[in-house]
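Structure first, commentary second.
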Amino acid sequence: MNLKHSFILVIAVAFLISCNDTYKLKLTSPKNIKVTQKLSVSVSEKNNKKIDSIRYYLDGKRLPSDTNLDISEFKLGKHAISATVFYGEKQKKLTNTIHFFAGKSPDIYTYEIVNEFPHDKKAFTQGLEYHNGFLYESTGQYGESSLRKVELKTGKVLQKKMLDKKYFGEGMAIFNNKIYMLTWQSKIGFVFDLETFKKEKEFNYNQSKQGWGLTHNQKQLIKTDGTERLWFLNPETLAEESFIEAYTDKRKVESLNEVEYINGKIYANKWQRNSILIINPATGAIEAIVNLKGLQGKAGQEGDDNVLNGIAYDAENDRLFVTGKDWGKVFEIKLRKKQ
0 MNLKHSFILV IAVAFLISCN DTYKLKLTSP KNIKVTQKLS VSVSEKNNKK IDSIRYYLDG
60 KRLPSDTNLD ISEFKLGKHA ISATVFYGEK QKKLTNTIHF FAGKSPDIYT YEIVNEFPHD
120 KKAFTQGLEY HNGFLYESTG QYGESSLRKV ELKTGKVLQK KMLDKKYFGE GMAIFNNKIY
180 MLTWQSKIGF VFDLETFKKE KEFNYNQSKQ GWGLTHNQKQ LIKTDGTERL WFLNPETLAE
240 ESFIEAYTDK RKVESLNEVE YINGKIYANK WQRNSILIIN PATGAIEAIV NLKGLQGKAG
300 QEGDDNVLNG IAYDAENDRL FVTGKDWGKV FEIKLRKKQ
């Protein structure tokens, strides 16, 4: 055999060995799973070749080897499930995407009107908060966006600060004697003095796409950006430290808008819907939906633009207030669970 033929033979043998050594691995996991179920994942090899060991990971954190995992306390939404497979002196990483859904469908609530109060029909409401006997409100639209202090019983605007016409005002929250206010697509927010409405500083958004709604849980600000995400912000640095995603037992719910933190839950308007979602702040599970159908008409409005978009809570007197964009009324309501 000459050198040329010997070289060809070596290549052929190497090719056969390489083909023989090729593992066809598949990571199997559910695409969607309710958190009341156990999570089980596995790896298979199509040609029944030996696998020495497998390490499983969820969002980068290693799982027990049996992967029969209790996920009842996990955040809902999108997760990355992966496996590192060891065979011989080789290893390969496999990755799938999985979505965690709520374990049960949301409870349904209706409402009872307790009181009605006048409201400026030209206030395109984006944020609403009750503080020390007054309503504080942020309004939108270019050239019309403002921050307001309002007398509840009369609807009289007692104090008002206009934003620069280049900004579209969005949600606001009062925390530690400061007013935090968002803008829509400018990716910038403002911090105002509670008493004087003097602007103290500005802050930029980070990962969140836009500014929609804002509230707080006594420790962090909670921000919506028009998606299914609720971001938790450090009130000092305004950095987005973490997020949850709002899900029912069947789907994610996007377009989260105005928000209020009430008795350990997040109450959120969904844009263009006359309803409130009650969300678990630890997991993102939508635990209840409040159907507020009929209020828009009672406020003298109709259509998709002038929908419900204001939630405020008087914790001392357990009063819940709602209004909407260009609504002529603020309603005090009581929620009633539908049987």
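Numbering (numbering that gives the first Met the number 0), first residue to last: 0 to 338. Using N, Cα and C, we set each Cβ at its ideal position, and we do this for glycine too. These numbers were taken from a predicted model, which means no experiment stands behind them.
- Around the beta carbon of residue 222, 16 or more other beta carbons lie within 10 angstroms, which makes this residue buried.
- Linking residue 300 to residue 284 through their CA atoms gives a straight-line distance of about 31 Å.
- If you look at residue 297, you'll find it isn't in any beta strand (DSSP E); it sits in the alpha helix (DSSP H) that goes 294-297.
- Non-local C-beta neighbours of residue 82 in its own chain, meaning closer than 6 Å and more than five positions away in sequence, comprise 26, 42, 53, 55 and 93, ordered along the chain.
- Every beta strand (DSSP E) of 3 residues or more that sits fully in the stretch 253-307 is shown, in chain order, as 255-261, 264-269, 274-278 and 285-290.
- Residue 188: member of the beta strand (DSSP E) spanning 187-192, first to last residue.
- Counted as a single uninterrupted DSSP element, the beta strand (DSSP E) harbouring residue 321 occupies residues 318-323.
- Here the alpha carbon of residue 86 sits roughly 14 Å from the alpha carbon of residue 45.
- In this structure, DSSP gives residue 117 an extended state, which the three-state scheme calls strand.
- Note on the stretch 168-244: there is no whole alpha helix (DSSP H) run with a minimum of 4 residues.
- The shortest CA-to-CA distance from residue 152 to any of 146, 162, 127 and 116 is the one to 116.
- A direct Cα-Cα distance of roughly 11 Å separates residue 145 from residue 121.
- Residue 195 counts as exposed, since fewer than 16 other beta carbons sit within 10 angstroms of its beta carbon.
- For residue 94, the enclosing beta strand (DSSP E) starts and ends at 89-100.
- Apart from the 5 residues on each side of it in sequence, residue 274 sits with its Cβ closer than 7 Å to the Cβ of 288, 289, 290 and 291 in its chain, given in chain order.
- For the 9 Å CB-CB criterion, residue 109 and residue 264 do not form a contact.
- Of the candidates 257, 67 and 177, the residue whose Cα lies closest to the Cα of residue 199 is 177.
- Assigned with DSSP and collapsed to three states, residue 34 falls in coil, not helix or strand.
- With respect to the 9 Å criterion, residue 230 and residue 169 are not classified as neighbours on the basis of their beta carbons.
- Look at residue 140 here: in three-state DSSP terms it is coil, with no helix or strand label.
- Taking 9 Å as the cut-off, the Cβ atoms of residue 225 and residue 256 count as close.
- The criterion of a C-beta distance shorter than 9 Å is satisfied by residue 57 and residue 79.
- Under DSSP, no beta-bridge partner is assigned to residue 157.
- A direct Cα-Cα distance of roughly 17 Å separates residue 100 from residue 67.
- Looking at 246, 254, 260 and 213, the one whose alpha-carbon comes closest to that of residue 239 is 213.
- Relative to residue 36, the option among 236, 98, 277 and 88 whose CA is nearest is 98.
- For residue 314, the number of other beta carbons within 10 angstroms of its own is below 16, and it is reported as exposed.
- Apart from the 5 residues on each side of it in sequence, residue 104 sits with its Cβ closer than 6 Å to the Cβ of 248 in its chain, given in chain order.
- DSSP, reduced to helix, strand and coil, places residue 50 outside both helices and strands of the structure shown, so it counts as coil.
- Of 228, 277 and 278, the smallest CA-CA separation from residue 254 is found for 228.
- Distance between residue 216 and residue 260, taken at the CA atoms: about 6 Å.
- Selection 323, 327 and 318 evaluated against residue 334 yields 318 as nearest (Cα-Cα).
- Contact between residue 128 and residue 281 does not hold, since their C-beta atoms are separated by about 23 Å, which reaches or exceeds 8 Å.
- Taking C-beta atoms as the reference points, residue 307 and residue 323 count as a pair closer than 9 Å.
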